[in-house]
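Take a look at the structure below.
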Amino acid sequence: MTSAHAAMPPAREAVAPLVQRRAQTLLAHAREASPLYRERLREWQGGTTPWTAIEPAAKRELMARFDDWVTDRAVTLAGAQAFVADPRRAGDDFLGRYAVWASSGTTGEPGLFVHDAFALSTYAMLTALRMDSAHWMSNLARGLWQSGGRAVLVSALDGHYAGVSFWRLQCRRNPWMAARAKTLSVLLPAHELCAELDAFGPSFVASYPSTLSELARLQAEARLHISPVALWAGGERLTPSAHAHIEQVFGDAHVVNDYGASECLSMAFECPHGRLHLNDDWVLLEPVDRQCRPVPPGEASHSVLLTNLANRVQPMIRYDLGDSVTLFPDACPCGNPRPSLLVEGRCDDTLHLRDPSRHVVRLSPMALATAVEERADVHRFQLRQVAPAAIELRVDTAGVPAADAACDKAMSALRSYLEGQGLPNVRLRFDPAPPQPDAPSGKLRQVVCAMHETRH
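Count along the sequence shown starting at 1, add 4, and that's the number in my numbering.
So this is what it looks like as structure tokens:
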């Protein structure tokens with residue numbers, strides 16, 4: 005292999021020259037403008053340095069040196085933290101020119117991610133192009149025209165999460181969209197959520213896969229009465245069975261799944277054959293094992309290294325994202341030449357709890373996690389259902405200020421949420437044991453069913 009080829013980041017031949025230029029431009033800017041990357045890229049020699057010689061970066065290391073990581077000296081951790089402390093500002097511009105998104109990801113470690121205007125425009129462009137190439141946009145446009153163009157996001161709202169922040173940003177920049185768009189909290193009890201959706205009558209619904217599955221169940225039970233033409237799923241893994249069930253219940257509606265993160269909003273988009281195709285002209289993903297060695301196609305990775313070629317203000321270069329990814333070794337039947345992949349993502353359980361009348365109430369994992377994260381500011385925790393009406397909470401208190409008070413606040417937040425869902429009878433116990441990551445992957449599942457009740 006020549007030095008020129010060794011310097012290439014992984015890319016298919018058709019886009020390799022373009023990706024090479026973008027990668028080299030990003031590296032040059034990072035070394036010039038980021039004190040942290042000036043150190044990390046000290047040995048980098050332009051196009052002659054092997055790509056794999058660039059040391060992978062971990063979230064914990066980067067967050068610990070946030071002020072040195074960013075390339076704009078006006079951006080500071082203190083300033084970003086003050087900005088995200090007010091959830092009402094989600095979707096507003098930070099310092100008049102940036103977006104800031106908060107996330108704990110699959111590791112449970114909190115992070116703050118800053119995106120510049122070019123990156124935000126790139127994410128919007130990629131989403132529009134991929135939807136159009138999948139012939140999804142025509143169905144959506146038809147439905148929006150026929151129904152008055154109403155769109156709803158059911159999500160975590162009380163925080164600077166990527167989904168709600170980007171949604172509000174687009175509404176703010178596009179008044180026509182704001183007049184037809186609505187956001188609803190994923191924490192709403194089922195009957196309130198159904199009433200809001202029925203009254204609004206959306207033709208487009210965006211939410212987490214677990215929430216869309218619950219909406220499909222409510223629709224099948226005639227407790228919800230909406231006629232969307234398109235549904236968008238993100239934030240969790242959408243299984244093929246859930247995908248098929250949601251589309252079956254909602255009739256003509258098409259479900260689209262994409263893969264994104266707070267570090268890079270638009271990484272891959274689903275084709276009609278159910279595969280996620282990488283946006284490989286702007287996004288590099290390297291599946292790796294526990295030792296950060298490359299994993300071949302067809303094999304599930306331990307993690308994946310992300311390089312975001314669009315964002316300059318906070319360089320993501322071989323960043324350890326934490327997701328398990330499997331690249332398909334064969335060409336996709338849809339004909340799209342972009343690499344296709346399967347993402348494990350979040351694999352938390354939907355809990356089935358018994359109310360005082362012994363009826364089953366289903367709680368989505370994202371709603372449960374949101375109740376704890378938003379109201380108690382605790383990120384590394386685990387909820388375990390241990391009986392039909394009993395939950396245990398485990399919290400990793402390492403590095404948590406006033407840990408006892410934080411745990412009490414988390415318990416109170418959970419109790420309040422359960423009561424709002426009609427579950428005042430559920431026994432809630434604090435378990436001092438630390439959260440237990442999955443043995444095979446090391447990933448932290450935040451919501452786990454730890455019992456063997458037969459579900460009806």
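The C-beta atom is built at its ideal place from N, Cα and C for all residues, glycine as well.
Where residue i sits in the DSSP three-state scheme
i    : result
L355 : strand
Y421 : helix
H119 : strand
Q440 : coil
A155 : strand
C411 : helix
A194 : helix
C453 : strand
D96  : coil
Q295 : coil
D324 : strand
V347 : strand
T187 : strand
Y465 : Given a span of 5 to 460 for the chain in the structure shown, any question on residue 465 remains unanswerable.
L282 : strand
T458 : With a pLDDT of only 37 at T458, under the threshold of 50, the placement of this residue in the model should not be trusted; the figure read from the coordinates follows. The answer is coil: DSSP assigns T458 none of H, G, I, E or B.
E461 : There is simply no residue 461 to check, as the chain begins at 5 and stops at 460 in what is shown.
A393 : coil
S169 : helix
S211 : strand
R342 : coil
L432 : strand
Spatial distance of residue i from residue j (CA atoms)
i    : j    : result
H383 : E240 : 17 Å
W236 : L219 : 13 Å
W55  : D327 : 21 Å
S344 : N429 : 46 Å
A62  : E113 : 11 Å
A257 : A27  : 39 Å
A182 : Q174 : 8 Å
R16  : L22  : 11 Å
S107 : G115 : 5 Å
P333 : T126 : 28 Å
L432 : L355 : 14 Å
V286 : R366 : Reading off the sequence, residue 286 comes out as Trp, not Val. If you take the alpha carbons of W286 and R366, they lie about 39 Å apart.
P39  : L325 : 22 Å
P193 : A199 : 10 Å
L201 : P369 : 21 Å
C411 : P436 : 10 Å
R379 : G424 : 14 Å
A210 : Y263 : 14 Å
H363 : A393 : 11 Å
R184 : R176 : 12 Å
T330 : V19  : 21 Å
F170 : E348 : 23 Å
A78  : L289 : 30 Å
V104 : D76  : 14 Å
A166 : S189 : 15 Å
V452 : A226 : 29 Å
Own chain residues within Cβ distance below 8 Å of residue i, not counting five before or after
i    : result
E59  : R44 and R322
V168 : A94, G95, L157, S159, A160, L161 and T187
Q440 : Q386 and R398
H249 : S217 and A220
Own chain, CB closer than 7 Å to residue i, minus 5 neighbours either side, in chain order
i    : result
A391 : M455
P206 : R154, A155, V156, I230 and P232
R172 : A94 and G95
L222 : A194, C198 and L228
C268 : V287, L310, N312 and M320
Q318 : W73, V74, F117 and V118
N340 : C275 and H281
9 Å Cβ cutoff, residue i in contact with chain D
i    : result
M455 : Note that chain D does not occur in the displayed structure, where there is just one protein chain.
Residues of its chain near residue i, where Cβ-Cβ distance is below 6 Å and the 5 sequence neighbours each way are ignored
i    : result
R134 : F273
T131 : S270
A123 : A314 and N315
C296 : P60
A224 : V253
T401 : A407
D293 : V299 and H306
H247 : V259
The ligand MG heavy atom lying under 8 Å from the CB of residue i
i   : result
R25 : Looking for the ligand MG in the displayed structure turns up nothing, as the structure carries no ligands at all.
The segment 157-171 in contact with the segment 302-318 per 3-pair CB rule at 8 Å: Two segments are said to touch when three or more pairs of C-beta atoms, one from each, lie closer than 8 Å; by this definition the segment 157-171 does not touch the segment 302-318.
Tell me, please, whether the segment 53-70 touches the segment 275-282 by the rule of three or more beta-carbon pairs shorter than 8 Å. With a cut-off of 8 Å, the segment 275-282 and the segment 53-70 do not count as touching, because too few Cβ pairs lie within range.
Please determine if the segment 40-56 and the segment 91-103 are in contact, where contact requires at least 3 C-beta pairs separated by less than 8 Å. No, the segment 40-56 does not touch the segment 91-103.
Can you check the segment 217-267 for any beta strand (DSSP E) of at least 3 residues that lies completely inside it and give the ranges in chain order? Every beta strand (DSSP E) of 3 residues or more that sits fully in the segment 217-267 is shown, in chain order, as 234-237 and 258-265.
Beta strand (DSSP E) runs contained entirely in the segment 360-388, provided each spans 3 or more residues: For secondary structure counted as the beta strand (DSSP E) over 3 or more consecutive residues, the segment 360-388 holds these complete runs in sequence order: 364-367.
When you compare the segment 414-433 with the segment 371-386, are there three or more beta-carbon pairs, one atom per stretch, that lie closer than 8 Å? At 8 Å Cβ cutoff, the stretches touch.
What alpha helix (DSSP H) runs, 4 residues minimum, are completely inside the segment 31-98? Runs found: 39-44, 63-68, 70-73 and 81-88.
Three or more beta-carbon pairs under 8 Å between the segment 31-39 and the segment 78-85, yes or no? Touching, no, given that fewer than three Cβ pairs across the two stretches are closer than 8 Å.
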